[in-house]
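Notes follow once the structure below has been shown.
In the numbering used here, the protein residues as written are 3 to 158.
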């Protein structure tokens, strides 16, 4: 039984290949674009002329392209926004800068001491802990005590 199905499939396949080889790929069953169909009138010819024979318009360099038919003047760079000069990095309050250095540097110092200097004196470790606590307390006390009810916190 499988041989019979195989023979039938082979015959169908050979027939399909023979029909495809007979068909010329250059000719189509429908009319060519140059030959209008029998029921087409002047509208089809006019549309074909519009789309096939028309060259694309190339805008000249002096004319604007797009829906506007006028030129927009470029703004002068002299009238633009000039940002103010930023403050120097060392212009902050010295005690506040030292508190931030202590709050960030003390834990880093403790980490490096634990990894690299296992026999560090107890006074050095205690000093870093005290420095961190003092810096954190100072920074917490520097926070504003009252909140403005109308301020959402956004800054421009």
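Every residue, glycine too, gets a C-beta built ideally from N, C-alpha and C.
query, result
"Exposed unless 16 or more other CB atoms sit within 10 angstroms - verdict on residue 133", "buried"
"Check whether residue 108 and residue 139 have beta carbons under 9 Å apart", "no"
"Length of the line joining the Cα atoms of residue 75 and residue 83", "18 Å"
"Cβ-Cβ distance between residue 114 and residue 137 below 9 Å", "no"
"Residue 42, buried or exposed, once every other Cβ within 10 Å from all chains shown has been counted against 16", "Here the model assigns residue 42 a pLDDT of 48, short of 50, so the residue's position is not dependable, and the following value carries that caveat. Its Cβ having fewer than 16 others within 10 Å, residue 42 is exposed."
"Cβ shell of residue 128 (< 7 Å), same chain only, five flanking positions each side left out", "none"
"7 Å Cβ shell around residue 122 - same chain, five flanking residues per side excluded", "115"
"Contact under 9 Å by Cβ, residue 105 with residue 141", "yes"
"Delimiting residues of the alpha helix (DSSP H) encompassing residue 104", "96 to 118"
"Local conformation of residue 47 per DSSP, three classes", "helix"
"Coarse secondary structure for residue 73, derived from DSSP in three states", "coil"
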